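Visitor: The structure's right below; bear with me while I get my questions together.
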Amino acid sequence: MIWDEEYEGMPREALESLQLYRLKKTAERVYATVPFYKESFDKAGLKPSQINSLDDLKRIPFTNKEDLRDNYPFKMFTLPLHEVVRIHASSGTTGKPTVVGYTKRDIETWSELMARTLSCAGVQKGDVVHNAYGYGLFTGGLGFHYGAEKLGATVIPISGGNTKRQLMLMEDFGSTVLTCTPSYALTISEILDEDGIDKSRLKLRVGIFGAEPWSQNMRIQVENKLGIDAVDIYGISEVIGPGVSVECIEAKTGLHIFEDHFIPEIVDPDTGEQLPYGEVGELVFTTITKEAFPILRYRTRDITRLFYQPCICGRTHVRMDRVTGRSDDMLIIRGVNLYPSQIESLLMGIDGLEPHYQLVVKREGTMDTLDINIEVNESIFSDEIKNLEKLENRILNEVKDILGVSANVKLVEPKTIQRFEGKAVRVVDEREI
Ligand code: DLL
């Protein structure tokens, strides 16, 4: 079930010359249109015309998340806004999210890549795709939606939430494919258990789960509970959204990266030095077919490994292992990407709070929870209970409104949060996945 035999099964030599051609075009395009790239190339003493082999990729400076923030909202686009037909943004960042844009042709490319992705996971025309990824600025919902339509499958654009109703509709509509985060798949399977619904009442066959880390253990659990094959999908808004890489249903071993559109590298997270295939390090992507928002050598901060062994499915593209962690401290809590520093800056803008806090992330059942424990100053602490409660509620609401996650907030007595001599441990992640 290879959607695009010509490209997905391309011999390496041909693939690499295509990559080089597209890389050169992309470099020329961004150099000519985006001041950020002109400046970074000039600083590195590099001209796009000097890129003559894939090895020259190493000479291109990295692009980091901060660079995108500095160029907020549209300064990384190569075209004026009237050529851009869609905007998405990464979830859960403070007031200023990371913004990405797509031309009409980019949406066409993305839909093709998502049709490939679904096909790689065993989905065909005739399947009913229950799409429980969030619709909105997040790339998950619409990315899957367009790909499933392109493939000719029937899409149920259900988005997240109201799990019982989701189960009812899945049964009534005869859904064969479930697309959502792995933790939501677990929640769905738990409600199925609780309500005593026999999984044979559902026609589900395949699940395509990603947008957050999960494990082989979780795969076995959801596969058994829902009676499906579960495959891992990786994606990131800055590169395109979902549609960067996915496991094939035949092998379920490593995610095929669509290398005719994205060039992956693994670098040492500390030195930035490129590492050979097989070594574990930080994943870096260069897009080579995007129009509105191409990105060169983007540091994803995701930790994994690349490998080339041929796959039984016949695809020739390189594979990546499951993402095992991050080289920064970004947390993904119920699908929302969040940096501890964002919580800190929000807390420090509220009077009466001390700069001593700890974030505790746990998994209760299938749900991630976030506890924010923070010290208040003496005068607040000896204030009336009702004022303390008011302050707790204020923090809770601000975290929800600005960062998009619900948290349990606990105000504690001065000097009760542990002090550190070295690096403070601000985040305790107790989740076992
Ligand atoms: O999560 C896009 C996506 C949507 C992927 C639907 C898969 C399915 P962002 O919100 O920009 O984009 O978050 C990107 O999520 O850097 C990883 O840290 C994490 N991530 C995504 N997929 C996986 C995965 C979407 N399969 C960030 N395993 C990335 C582990 C993942 N982490």
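Sequential numbering from 10 applies to the sequence shown in this note's numbering.
Cβ atoms here follow ideal geometry from the backbone N, Cα and C, with glycine treated the same way.
Quantities reported herein were computed from a predicted structural model and do not represent experimental measurements.
Within 7 angstroms: the Cβ of P303 and any heavy atom of ligand 1?
Guide: Indexing the sequence shown from 1 puts residue 303 at position 294. Result no, Cβ not under 7 angstroms from ligand 1.
Visitor: Does the segment 282-301 come close enough to the segment 226-235 to have 3 or more Cβ pairs within less than 8 angstroms?
Guide: no
Visitor: Find out if the Cβ-Cβ distance for the pair P251, G152 is shorter than 8 angstroms.
Guide: Within the sequence shown, numbered from 1, the residue matching residue 251 stands at position 242. Within the sequence shown, numbered from 1, the residue matching residue 152 stands at position 143. Yes; because the gap between Cβ atoms is below 8 angstroms, this pair is in contact.
Visitor: Any heavy atom of ligand 2 closer than 7 angstroms to the Cβ of R331?
Guide: Looking at this structure, you won't find ligand 2 anywhere; what it does contain is ligand 1.
Visitor: Look at the alpha carbon of R1 and the alpha carbon of T378, and state the distance between them as a whole number of angstroms.
Guide: It is not possible to answer for residue 1, since the shown part of the chain is limited to 10 through 442.
Visitor: Pick out whichever of L187, P303, N80 and D13 has its Cα sitting closest to the Cα of S128.
Guide: In the sequence shown, residue 128 corresponds to position 119, counting from 1. Out of L187, P303, N80 and D13, D13 has the C-alpha closest to the C-alpha of S128.
Visitor: Going by DSSP in three states, N382 sits in which element: helix, strand or coil?
Guide: Within the sequence shown, residue 382 is the residue found at index 373, counting from 1. The answer is strand: DSSP assigns N382 an E or B state.
Visitor: Is any heavy atom in ligand 1 found nearer than 7 angstroms to the beta carbon of Y243?
Guide: Locating residue 243 in the sequence shown gives position 234, where the first residue counts as 1. Answer for Y243: yes, Cβ within range of ligand 1.
Visitor: Taking K159 as the reference, give the member of P166, Y286 and A124 with the closest Cα.
Guide: Within the sequence shown, numbered from 1, the residue matching residue 159 stands at position 150. Per the C-alpha coordinates, the member of P166, Y286 and A124 positioned closest to K159 is A124.
Visitor: Would you list the one or two residues that DSSP bridges to I96?
Guide: Here the question's residue 96 lines up with position 87 in the sequence shown. According to DSSP, which records beta bridges pairwise, I96 is partnered with G110.
Visitor: Assign E288 to one of two classes, buried (16 or more other C-beta atoms within 10 Å of its C-beta) or exposed (fewer than that).
Guide: Indexing the sequence shown from 1 puts residue 288 at position 279. So E288 counts as exposed.
Visitor: Can you find at least 3 beta carbon pairs, one from the segment 54-61 and one from the segment 14-28, that sit closer than 8 angstroms?
Guide: As far as the Cβ criterion goes, the segment 54-61 does not touch the segment 14-28, which means the pair count is below three.
Visitor: Going by the beta-carbon positions, is the gap between G263 and R324 smaller than 8 angstroms?
Guide: Taking the first residue of the sequence shown as position 1, residue 263 is located at position 254. Taking the first residue of the sequence shown as position 1, residue 324 is located at position 315. No; because the gap between Cβ atoms is not below 8 angstroms, this pair is not in contact.
Visitor: Assign Y81 to one of three DSSP states: helix, strand, or coil.
Guide: Position 72 of the sequence shown, counting from 1, holds the residue named residue 81. Three-state DSSP puts Y81 in coil, outside helix and strand.
Visitor: Between which two residues does the beta strand (DSSP E) harbouring T163 extend?
Guide: Against the sequence shown, residue 163 aligns to sequence position 154. Note, T163: beta strand (DSSP E), T163 to I165.
Visitor: Could you check which residue in V255, V418, A162 and S168 has the C-alpha nearest to that of G145?
Guide: Taking the sequence shown and counting its residues from 1, one reaches residue 145 at position 136. Of the listed residues, the one whose Cα sits closest to G145 is S168.
Visitor: Got a sec, what are the start and stop residues for the alpha helix (DSSP H) P349 sits in?
Guide: The residue given as residue 349 occupies position 340 in the sequence shown. In the DSSP annotation of this structure, the continuous segment of the alpha helix (DSSP H) that includes P349 starts and ends at P349 to L356.
Visitor: Please classify P303: does DSSP put it in a helix, a strand, or coil?
Guide: Counting from 1 along the sequence shown, the entry for residue 303 is found at position 294. It is coil, neither helix nor strand.
Visitor: Can D76 and F50 be called in contact, C-beta distance under 8 angstroms?
Guide: Walking along the sequence shown from the start, residue 76 turns up at place 67. Walking along the sequence shown from the start, residue 50 turns up at place 41. No, they are not a contact pair.
Visitor: Taking only heavy atoms of ligand 1 into account, decide whether any of them is closer than 7 angstroms to the Cβ of T295.
Guide: Here residue 295 refers to the residue found at position 286 of the sequence shown. Result no, Cβ not under 7 angstroms from ligand 1.
Visitor: Less than 7 angstroms between the CB of E221 and some heavy atom of ligand 1, yes or no?
Guide: Here residue 221 refers to the residue found at position 212 when the sequence shown is read from its first residue. Checking every heavy atom of ligand 1 against the Cβ of E221, one is found closer than 7 angstroms.
Visitor: Do you know offhand how far G281's Cα is from R310's?
Guide: Along the sequence shown, read from residue 1 onward, the residue named residue 281 stands at position 272. Along the sequence shown, read from residue 1 onward, the residue named residue 310 stands at position 301. Roughly 11 angstroms between the two C-alpha positions.
Visitor: Within 7 angstroms: the Cβ of G250 and any heavy atom of ligand 1?
Guide: Within the sequence shown, residue 250 is the residue found at index 241, counting from 1. Yes - ligand 1 has a heavy atom lying nearer than 7 angstroms to the Cβ of G250.
Visitor: When you compare each of D277, E387, H139 and P106 to P166 by their alpha carbons, which one comes out closest?
Guide: For the purposes of this step, residue 166 is identified with residue 157 of the sequence shown, where counting begins at 1. The shortest Cα separation from P166 among D277, E387, H139 and P106 belongs to H139.
Visitor: For E22, tell me which candidate among H326, D338, R335 and T313 has the shortest Cα-Cα distance.
Guide: As a working note, residue 22 is residue 13 in the sequence shown. The candidate whose alpha carbon is nearest that of E22 is H326.
Visitor: Please name the residue in R435, T148 and K419 whose C-alpha comes closest to that of C189.
Guide: Position 180 of the sequence shown holds residue 189. Checked all of R435, T148 and K419; the closest Cα to C189 is T148.
Visitor: For G361, I'd like the list of residues in its chain whose CB is within less than 7 angstroms of its CB, leaving aside the five on either flank, ordered along the chain.
Guide: Mapped onto the sequence shown, residue 361 falls at position 352. Excluding positions up to five away in sequence, the list reads V385, N386, I389 and L400.
Visitor: Return yes when the Cβ of T118 is within less than 8 angstroms of the Cβ of H270, no when it is not.
Guide: As a position in the sequence shown, residue 270 is number 261, starting the count at 1. As a position in the sequence shown, residue 118 is number 109, starting the count at 1. Contact flag set, yes.
Visitor: Inspect the beta-carbon positions of E268 and L24 and report whether they are closer than 8 angstroms.
Guide: Reading the sequence shown from its first residue, position 259 is the one you call residue 268. Reading the sequence shown from its first residue, position 15 is the one you call residue 24. Less than 8 angstroms separates the beta-carbon of E268 from that of L24.
Visitor: Given a threshold of 16 other Cβ atoms within 10 Å of its Cβ, counted over all protein chains shown, does A41 qualify as buried or as exposed?
Guide: Walking along the sequence shown from the start, residue 41 turns up at place 32. Flag for A41 reads exposed.
Visitor: Return the first residue and the last residue of the beta strand (DSSP E) that Q367 is part of.
Guide: By one-based count along the sequence shown, residue 367 stands at place 358. Unbroken beta strand (DSSP E) run through Q367: L362 to E373.
Visitor: E363: buried (16+ other C-beta within 10 angstroms of its C-beta) or exposed?
Guide: On the sequence shown, residue 363 is found 354 positions in, with the first residue counted as 1. The residue is buried, with at least 16 neighbouring Cβ atoms inside 10 Å.
Visitor: From the DSSP output, in three-state form, read off F294 for me.
Guide: Walking along the sequence shown from the start, residue 294 turns up at place 285. The DSSP-derived three-state label of F294 is strand.
Visitor: Out of L405, A220, H91 and L397, which has the shortest C-alpha to C-alpha gap to I381?
Guide: For the purposes of this step, residue 381 is taken as residue 372 along the sequence shown, with counting starting at 1. Closest option to I381, Cα to Cα, is L405.
Visitor: Let me check you understand the geometry: is the CB of I341 closer than 7 angstroms to at least one non-hydrogen atom of ligand 1?
Guide: Walking along the sequence shown from the start, residue 341 turns up at place 332. Under cutoff, so the answer is yes.
Visitor: Have a look at L213, I197 and F429 and flag the residue whose alpha-carbon is nearest the alpha-carbon of G183.
Guide: Taking the sequence shown and counting its residues from 1, the one referred to as residue 183 is at position 174. Ranking L213, I197 and F429 by Cα distance to G183 puts L213 first.
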